[in-house]
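These notes are about the structure you will find just below.
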Ligand code: KG4
Ligand code: ZN
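Residue numbers (our numbering): 30 to 398.
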């Protein structure tokens, strides 16, 4: 491929990011790795909500439908033409292969047509770089990164822009997946994380205690399947069929209930269970993140990914008064977006780490072992 890298394009290095790894089609333009010029996210939530999770084939089709408009809007919002760009960055993996291919093919087509360099970015690395828009320059190394989303619960040691060491990860469900599964079994809609987060403050987390995972081997690994089963056992023991089917029934007529409507459908004992579940997830995440940070003598911590939107987790991290700064991306940049992909591509652009038209989407790409 003929590549014309143009770092002196008007206004510094502008990178167009494209993200399509799961159920969000996103494009964004970021200047010099940290200045957000535009960010467009087209969500497929309504398409998947009735299935209680993402349906891969539907996701690919929706990406195809949305990608052209989303990229055009991102360019317009940034006030950019293709001549102003220095590169196009795209999520290479991990994710759903059909979804990844849409973004990858679109990014390659732009690069081919415009003679721009292509930068492949790991989705998890993208989540970590979402803080660059806020805090990048103050991120002191070594840093501890906790990436916690619907597909990932990973702890990494970060040294500089490109060096990662995996310290721990989930052995079963990701934390966001646990939120989504628990919400589903309780009769709430998808995705469950935001709903349970909003309801949790109305319950008493001390009213019951769910088990914490005891990890054999690496104590920095996570496990959430036992917690999910404990909630299921609690539901069975409390004969909640009527209550749960009332919520499911309600959802059929009102796909997006308000908080007030959810509260009317949620008795106190269920609010308490939600609060106790959320408390357990937060404890599991923060105790391991703090232990990992101590192990590597971290000078800062990054918590990112969809679950980083959680208000209880943010509050608990603040209350912990840790001896280093803890950075969360803004909620809009915590869930899947393309600005994080463009930001993560910036150091790679400087190192000249460009892909070719032969670059492949990789559904199980890893960041570090
Ligand atoms: O990062 P993301 O948008 O996509 C993945 O890469 O997975 O994360 C989506 C996940 C879902 O599981 C969703 O339930 C969870 O993030 N999530 C939350 C909150 N907002 C989103 N979990 C807990 N509390 C929230 N406020
Ligand atoms: Zn993600």
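Just so you know, even glycine gets a beta-carbon here, dropped at the ideal spot from N, CA and C.
| Query | Result |
| --- | --- |
| Which word fits residue 285, buried or exposed, when buried means at least 16 other C-beta atoms lie within 10 angstroms of its C-beta? | exposed |
| Using the three-state DSSP reduction, which class does residue 151 fall into: helix, strand or coil? | strand |
| Just how far apart, CA to CA, sit residue 309 and residue 221? | 16 Å |
| So, is residue 329 buried or exposed, given that buried needs 16 or more other C-beta atoms within 10 angstroms? | buried |
| Which word fits residue 313, buried or exposed, when buried means at least 16 other C-beta atoms lie within 10 angstroms of its C-beta? | buried |
| Any idea which residues DSSP pairs residue 55 with across the strands? | 48 and 70 |
| What do you reckon, is the C-beta of residue 479 under 8 Å from a heavy atom of the ligand ZN? | Here the chain covers residues 30 to 398 and nothing more, so residue 479 does not appear. |
| Contact check, residue 383 vs residue 148 under 8 Å by CB: the rounded distance? | 6 Å |
| Counting only the same chain and skipping the five closest in sequence on each side, list residues whose C-beta sits under 7 Å from that of residue 257. | 202, 207, 210 and 211 |
| How about residue 75: is its Cβ closer than 8 Å to a heavy atom in the ligand KG4? | no |
| Which value, in whole angstroms, describes the spacing of the CA atoms of residue 42 and residue 62? | 8 Å |
| Taking the C-alpha atoms as reference points, what is the distance between residue 305 and residue 339? | 14 Å |
| Rounded to the nearest angstrom, what separates residue 337 and residue 271 at their Cα positions? | 33 Å |
| Looking at residue 358: is its Cβ nearer than 9 Å to the Cβ of residue 100? | no |
| Between residue 222 and the ligand ZN, is the CB less than 8 Å from at least one heavy atom? | no |
| Mind the definition here: the segment 386-398 touches the segment 189-196 only if three or more C-beta pairs lie below 8 Å; say whether that holds. | yes |
| Is the beta carbon of residue 338 within less than 8 Å of some heavy atom of the ligand MG? | Although the ligand MG was asked about, the structure shown includes only the ligand KG4 and the ligand ZN as ligands. |
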